[in-house]
Amino acid sequence: MSPSEAQVTLAIDAMGGDNGPEAVLDGLVAAIEKSPTGVQYVLVGDERVLSPLVDQHAVLSKDLVRIHHASQVIGMDEKPVASLKSKKDSSIVRALELVREEEADAMLSCGNTGSLMAGGTIKLRTLEGIDRPALGTIWPGSQRYFVLLDAGANPESKPIHIVHNAVLGLNYARIVLGINQPKLGLLSIGTEESKGNELIQESHHLLKQTRSLLNYQGLIEGFQMFENEVDVVVCDGFVGNVVLKACESLCKMIGTFLDEELRRNALRKTGALLSKGAFKGLKQRINPEHLGGAPLLGLRKPVVKAHGSSNKHQIEGAIRITLDVVRKDMIGHILTDAREANELLQPVQLAVGSNP
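Just so we're aligned: the sequence shown equals residues 1 to 356 in the working numbering.
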């Protein structure tokens, strides 16, 4: 039986996120109504809270959904390592353990990103050939969506980690975005090969050695990301996180300015009402609900992080992404590409006498 035909068991951290278990269950109901077969769901969290909520939905039958009790919850602002040590019976930890013990094929959470990343690395470990996991994010471009990583998992990276990020990101683009031959670019301050710091220079050199495998297009600048010159943008976690938060802040500021201007007089308010459909379409293009989850790339088992403030539609989208990652065997494809990339780089590493 192929992975696409096999029964999938998905563990869901039902307690994580800003909107509580109600939003998680609403998203699960929507997912089951759209695709009622082939999946069993394990809701991980406080049974006293979850059981009454499950009983409210006829579609959440016992043959599709079961509850795995976890008495603790890791808050969104808690420190990752400390929270994992002090809350060993948390929904995040218990869900990860279900995946580790192969009682579930994958895990989804809206909870604390740092705790999920640290817990996933400790409990599941990284894939062979991948030194560190990375956080990939999907961004809107002028023509289609693209992937940027690392978005903050590893602020300090070596050139080999940038190559591994490329392997992870390219498979993410293929599986989640459906791009058959995604193009790769390395984010820098200019397209000239002389531009960039030592990390950029050395990473660029390694990526050129893997051009045939990774479809590397070269260095790109920030503005080129949104013009879809490439489908995957790689960088270290420090740069990626700065770019992510700066763009998020800019979008919020523009939204605030637009709202203020539209409320200045009655005529503008009328125009805003007439443009409601356009604003809704714009919001969906910038923040697509069907792409509501981001896999924590590089772990040995699939773990998907949904936004902490996810609504039911975003959670439904995150469930779909998680199932795609399992059924399309993204882990297997990453392993194959990582092995080939590392083999291509062996002569380079031997020439410099060390691991880049």
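Idealized CB from N, CA, C, for every residue including glycine.
If you draw a straight line from the C-alpha of residue i to the C-alpha of residue j, how long is it?
i, j, result
"S212", "E192", "21 Å"
"D55", "L98", "23 Å"
"G222", "L135", "19 Å"
"P80", "F238", "18 Å"
"G293", "S83", "23 Å"
"M76", "M117", "13 Å"
"L262", "I179", "38 Å"
"G119", "A266", "53 Å"
"I331", "V233", "20 Å"
"S35", "S109", "20 Å"
"N342", "E202", "15 Å"
"L258", "I286", "15 Å"
"H57", "I67", "14 Å"
"Q314", "A246", "23 Å"
What three-state label does DSSP hand residue i in the structure shown?
i, result
"L177", "coil"
"P52", "helix"
"H155", "A small fix is needed here, since residue 155 is Pro in this sequence, not His. Three-state DSSP puts P155 in coil, outside helix and strand."
"T37", "coil"
"P21", "helix"
"R211", "helix"
"D26", "helix"
"M15", "coil"
"P295", "strand"
"Q7", "coil"
"Q284", "helix"
"S142", "coil"
"G119", "helix"
"H69", "strand"
"K87", "coil"
"V243", "helix"
"S203", "helix"
"I220", "strand"
"V147", "strand"
"S249", "helix"
"M107", "strand"
"G237", "helix"
"G129", "coil"
State buried or exposed for residue i, treating a residue as buried only when at least 16 other CB atoms are found within 10 Å of its CB.
i, result
"D13", "buried"
"E260", "exposed"
"M253", "exposed"
"G277", "exposed"
"N165", "buried"
"G281", "exposed"
"E316", "buried"
"K85", "exposed"
"K87", "buried"
"H290", "exposed"
Check whether the Cβ atoms of residue i and residue j sit closer than 8 Å, and answer yes or no.
i, j, result
"I74", "N19", "no"
"L219", "G196", "yes"
"L168", "L184", "no"
"L345", "T210", "yes"
"V59", "E33", "yes"
"V44", "R100", "no"
For residue i, verify whether its CB is less than 7 Å away from any heavy atom of the ligand MN.
i, result
"E97", "Ligands displayed in this structure: none; no statement on the ligand MN is therefore possible."
What are the complete beta strand (DSSP E) segments, minimum 3 residues, inside the segment 300-341? 303-306
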